[in-house]
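Numbering of the sequence shown is given in our numbering, commencing with residue 15 and proceeding in unit increments. The beta-carbon is built from N, C-alpha and C at its ideal position, and this holds for glycine as well. See below for the structure under consideration.
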Amino acid sequence: MIEFNRWPVDLAERYRQKGYWIDQPLSEILDIHHENNAIALICGEQVWRYRELNDAVNRLAAALLRRGARRGQTALVQLGNEAEFYIVFFALLRVGVAPVNALFSHQRSELTAYAQQIQPDILIADREHRQFHDDVLINQLKSDHQNLNIVVLHHTDSSLAQSQSLAQLMSEDMGDFVPTPTPADEVAFFQLSGGSTGTPKLIPRTHNDYYYSIRASNPICGVNSYTRYLCALPAGHNYPLSSPGALGVFYAGGQVILTPNPSPESCFPAIYQHHVNMTALVPPAVSIWLECINLRGSADELASLKVLLVGGAPFGETLARRIQNALGCQLQQVFGMAEGLVNYTRHGDDDIHTFTMQGRPISEDDEVWIANSQGQPVPYGEPGLLMTRGPYTFRGYYRSPEYNQRVFDANGFYCSGDVVTQYPDGYLKVIGREKDQINRGGEKIAAEEIEHLLLRHPAVTYAALVAIPDRLMGEKTCAYVVTRETIKPAVLRRWLREQGIADYKLPDRVETLPELPLTPVGKINKQALRALAAANLEHQGDAL
Ligand code: J2J
């Protein structure tokens, strides 16, 4: 089985006693619907009933077993917002293989970093993704990881010696397939961390903990078999997967409608056509939706929408207050993290809570306290660092003992790096953050990861990535570099792109300085760089 940091025995016992951990595999979410004839999933022209979805999952699981997949293995998966994403996810759970679901925007750098950590036995990817148009990356991964024996590709008809067609595997007979999920207190899959270090970190999630966060989210968000949930954010991201996400909706027997992205062009017709009544967005998407409705002069297409979840990045009060009138639906704020803790505002909350706070935890056993810089608790209403542990908050990043030492305290509380205030009723308000991460409209960028890549360029001697305020995205990025020779920003960006990172991580600006400001102890003074970036923006008149 996969090694990971477990919960202490006394807490595990408590979570079981309280009925949070039910010792069932996550794949039960679909199993319970094996005779259900209702529509589970709509993706473009495709309509999947629960029964059909279950069958496809079993056929794929059986095909994978026949090709040598075994319980305890791992898989690197990269699929877009298509039905196959869920089919693959559940099939792997049923054979007991733990996947990492890379986002579709991820490129060579992220994919190889994930592979290095999990040493995958299986690769499932999409021929239509730029890294998989040819076999270069596949061959590299195979030579780096000798145990990578099963390669399955979506959007290809032919099974070759090197790789198999996903469609073909899904069409094979399920024979006498018997599920072999991992035990419920073992790793079911890995979530991706937004990160603040040089290498992207992985978060082991067990069946027990993840399943609980989903079951407990449903009543808070009002999910039931009548829910028609639009999944427009990347399907594998923790938020649209589990808060309450597609998995919550499947559990309840509702419908998930998939679109490739959250643009009004793809979402509005889908909402209208399929009577979507719930969706989840990040703040920039909300702004774009509001602008679009403003231009059209009506939100008629969205008449069926009842609940809009907004989270992933800071959401301003002014925008929050506009939702009800402009979109005709109720706002539910969500402040969550792939590491675990998820907070929601509740339906029926007063305006102060709904519009100015980011909710309270799912569970009465989510322990949350706020620390000052010395690690001491601060009084209610005062900002400090969020510390948390609980029945679905992880106990350590995968294979990262040193980093775990830094972000967990002696009692197993995880410090998320968010600066928040907590109120006596348990509600939290996000004030800012102390981690070196940039939140570009919900997409997280670890400054160090980009700085390391910049420093690999032979002309770069120093590099620092900082956030610059942006009206739509909340934050964008500016890379400050010191170089040995004159080098054009466009050249550095192109070079970064060639290093194989996701486009959203490419610096929005690159500025050259003769030297970087330092703190008294000699570290790069990011505070000063942020101030410089903001001053430059103001000067240029394109700020806030
Ligand atoms: C401010 N910052 C927020 C919010 C997340 C549900 C919703 C979101 C995520 C997510 C998730 C915020 N206001 N409302 O996993 O299940 C920032 C914080 C947090 C980090 C986590 C879910 N909601 N954030 O965004 O793992 O800084 O998860 O620590 O991508 O996003 O990012 P991520």
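Q: Quick one: grab the DSSP three-state call for D556.
A: As a working note, residue 556 is residue 542 in the sequence shown. Bear in mind that the predicted position of D556 carries a pLDDT of just 49, short of 50, making it too unreliable to give a figure here.
- Assess, as a yes-or-no matter, whether the stretch 238–254 is touched by the stretch 289–298 under the definition of 3 or more beta carbon pairs within less than 8 Å. Judged by pairs of C-beta atoms under 8 Å, the stretch 289–298 touches the stretch 238–254, as three or more such pairs exist.
Practice item. For V392, collect the residues of the same chain with a Cβ closer than 8 Å to its Cβ; drop the 5 residues on either side in sequence, then sort them by chain order. Key: One-based indexing of the sequence shown puts residue 392 at position 378. The answer, listed in chain order, is I384, A385, N386, G398.
- Item | Those residues which DSSP pairs with I56 across a bridge | The residue labelled residue 56 in the question sits at position 42 within the sequence shown. Note: I56 sits in a beta bridge opposite V61, I271.
(message) Classify N51: buried if its beta carbon has 16 or more other beta carbons within 10 angstroms, exposed otherwise.
(response) Numbered from 1 along the sequence shown, position 37 holds the residue referred to as residue 51. N51 counts as exposed, since fewer than 16 other beta carbons sit within 10 angstroms of its beta carbon.
Nearest-angstrom Cβ-Cβ length linking G82 and I132, presumed shorter than 8 Å = Locating residue 82 in the sequence shown gives position 68, counting from the first residue. Locating residue 132 in the sequence shown gives position 118, counting from the first residue. Actually they do not touch by this definition, with Cβ atoms about 17 Å apart.
Contact test: E405 Cβ vs the ligand J2J heavy atom, cutoff 6 Å: Taking the sequence shown and counting its residues from 1, one reaches residue 405 at position 391. Reading off the sequence, residue 405 comes out as Pro, not Glu. Incorrect: P405 has no Cβ contact closer than 6 Å to the ligand J2J.
**Asked** Can we count Y253 as close to the ligand J2J, meaning its CB is less than 6 Å from some heavy atom?
**Response** Sequence index remark: in the sequence shown, residue 253 carries index 239 (1-based). Flag set: Cβ of Y253 near the ligand J2J.
Next on the checklist: I need the straight-line Cα distance from L247 to Q92, nearest angstrom please.
Outcome noted: Start at 1 with the first residue of the sequence shown, and residue 247 comes out as number 233. Start at 1 with the first residue of the sequence shown, and residue 92 comes out as number 78. In a straight line, the C-alpha of L247 is about 15 Å away from that of Q92.
Legend entry - Cα-Cα separation between E448 and E462, rounded to whole angstroms: By one-based count along the sequence shown, residue 448 stands at place 434. By one-based count along the sequence shown, residue 462 stands at place 448. Taken atom to atom, the span from the alpha-carbon of E448 to that of E462 is near 14 Å.
- C-alpha distance - A557 paired with P22, whole-angstrom precision: Position 543 of the sequence shown, counting from 1, holds the residue named residue 557. Position 8 of the sequence shown, counting from 1, holds the residue named residue 22. With a pLDDT of 40 at A557, under the threshold of 50, the modelled position of this residue cannot be trusted; read the value that follows with caution. Taking the straight line joining both Cα atoms gives about 49 Å.
- prompt: Quick one, are the C-beta atoms of V71 and A105 less than 7 Å apart?
  reply: Residue numbering aside, residue 71 sits at position 57 when the sequence shown is read from its first letter. Residue numbering aside, residue 105 sits at position 91 when the sequence shown is read from its first letter. The Cβ atoms of V71 and A105 sit closer than 7 Å to each other.
Selected residue, minimal CA-CA separation from G350, among Y253, E512, S119: Position 336 of the sequence shown, counted from the start, is the residue given in the question as residue 350. Nearest C-alpha to G350: Y253.
Alpha-carbon to alpha-carbon, A340 and G311: To locate residue 311, count along the sequence shown from 1; it is residue 297. To locate residue 340, count along the sequence shown from 1; it is residue 326. Approximately 10 Å, taken between the alpha carbons.
- Item | Alpha-carbon to alpha-carbon, Y286 and V263 | Reading the sequence shown from its first residue, position 249 is the one you call residue 263. Reading the sequence shown from its first residue, position 272 is the one you call residue 286. Distance from the CA of V263 to the CA of Y286, rounded to the nearest whole angstrom, comes to 19 Å.
- Message: Does chain C have any CB closer than 7 Å to the CB of G268?
- Response: The chain inventory of the structure shown lacks chain C, comprising one protein chain alone.
Review point. Which value, in whole angstroms, describes the spacing of the CA atoms of A547 and I152?
Key: Reading the sequence shown from its first residue, position 533 is the one you call residue 547. Reading the sequence shown from its first residue, position 138 is the one you call residue 152. About 40 Å.
| request: Determine the closest residue to R80 out of N68, F146, L183, with distance taken between C-alpha atoms. | output: The sequence position of residue 80 within the sequence shown is 66, counting from 1. Measuring from the Cα of R80, the nearest candidate turns out to be L183.
- Best match in E42, F204, P214, D135 for proximity to S123 [C-alpha to C-alpha]: Stepping through the sequence shown from its first residue, residue 123 is reached at position 109. Of E42, F204, P214, D135, the residue nearest in Cα terms is P214.
Which stretch, first to last residue, makes up the alpha helix (DSSP H) that contains Y253?
As a first step, residue 253 is located in the sequence shown; it is residue number 239 there, counting from the start. For Y253, the uninterrupted alpha helix (DSSP H) segment begins and ends at 252–256.
**Prompt:** With distances taken between CB atoms, is the gap from R10 to V496 smaller than 7 Å?
**Reply:** The structure shown has nothing for residue 10, since the chain only spans 15 to 558.
Kindly indicate the opening and closing residues of the beta strand (DSSP E) around N453. For the purposes of this step, residue 453 is taken as residue 439 along the sequence shown, with counting starting at 1. Here the beta strand (DSSP E) through N453 covers 451–454.
Notebook entry, point to check: So does Q344 have its beta carbon nearer than 6 Å to some heavy atom of the ligand J2J?
Noted result: Counted from its first residue, the sequence shown places residue 344 at position 330. Flag unset: Cβ of Q344 not near the ligand J2J.
ask   = From this set, L442, R65, E499, A249, which residue's C-alpha is nearest D432's C-alpha?
value = The count along the sequence shown starts at 1 and reaches residue 432 at position 418. Between D432 and the set L442, R65, E499, A249, the nearest pair of CA atoms involves L442.
What residue from A352, Q436, I337, P297 has the CA that sits closest to M371's CA? Sequence index remark: in the sequence shown, residue 371 carries index 357 (1-based). Nearest option by C-alpha distance: Q436.
My understanding is that I515 touches L467, with C-beta atoms under 8 Å, so please give their C-beta distance in whole angstroms. Locating residue 515 in the sequence shown gives position 501, counting from the first residue. Locating residue 467 in the sequence shown gives position 453, counting from the first residue. The Cβ separation is near 7 Å, so the contact holds.
| message | Mapping the DSSP letters down to three states, classify A294 as helix, strand or coil. | response | Numbered from its first residue, the sequence shown carries residue 294 at position 280. Secondary structure at A294: strand, using DSSP grouped into helix, strand and coil.
N161 beta carbon less than 7 Å from that of G410
As a working mapping, residue 410 is identified with position 396 in the sequence shown. As a working mapping, residue 161 is identified with position 147 in the sequence shown. Result no, Cβ atoms of G410 and N161 do not sit closer than 7 Å.
Among N222, P483, L155, V421, the one whose alpha carbon lies nearest that of S210 | Here residue 210 corresponds to residue number 196 of the sequence shown, with the count starting at 1. Of N222, P483, L155, V421, the residue nearest in Cα terms is V421.
Notebook entry, point to check: Just the Cα atoms here: how many angstroms apart are A127 and L206?
Noted result: Numbered from 1 along the sequence shown, position 113 holds the residue referred to as residue 127. Numbered from 1 along the sequence shown, position 192 holds the residue referred to as residue 206. Rounded to the nearest angstrom, the two C-alpha atoms are 12 Å apart.
request  = State the Cα-Cα distance for the pair C343 and L319, rounded to the nearest angstrom.
outcome  = Within the sequence shown, residue 343 is the residue found at index 329, counting from 1. Within the sequence shown, residue 319 is the residue found at index 305, counting from 1. C-alpha separation (whole angstroms): 6 Å.
Self-check item: V102, DSSP secondary structure in three states
Solution: Within the sequence shown, residue 102 is the residue found at index 88, counting from 1. Of the three classes helix, strand and coil, the one that applies to V102 here is helix, per DSSP.
>> Using the three-state DSSP reduction, which class does F2 fall into: helix, strand or coil?
In response: No information on residue 2 is available, as it lies outside the stretch 15 to 558 that the chain covers here.
Taking contact to mean 3 or more Cβ pairs, one atom from each stretch, closer than 8 Å, check whether the stretch 216–228 and the stretch 316–334 are in contact. Touching, no.
Does the stretch 59–77 come close enough to the stretch 99–118 that 3 or more CB-CB pairs lie under 8 Å?
-> Contact between the stretch 99–118 and the stretch 59–77 is established, with three or more Cβ pairs separated by less than 8 Å.
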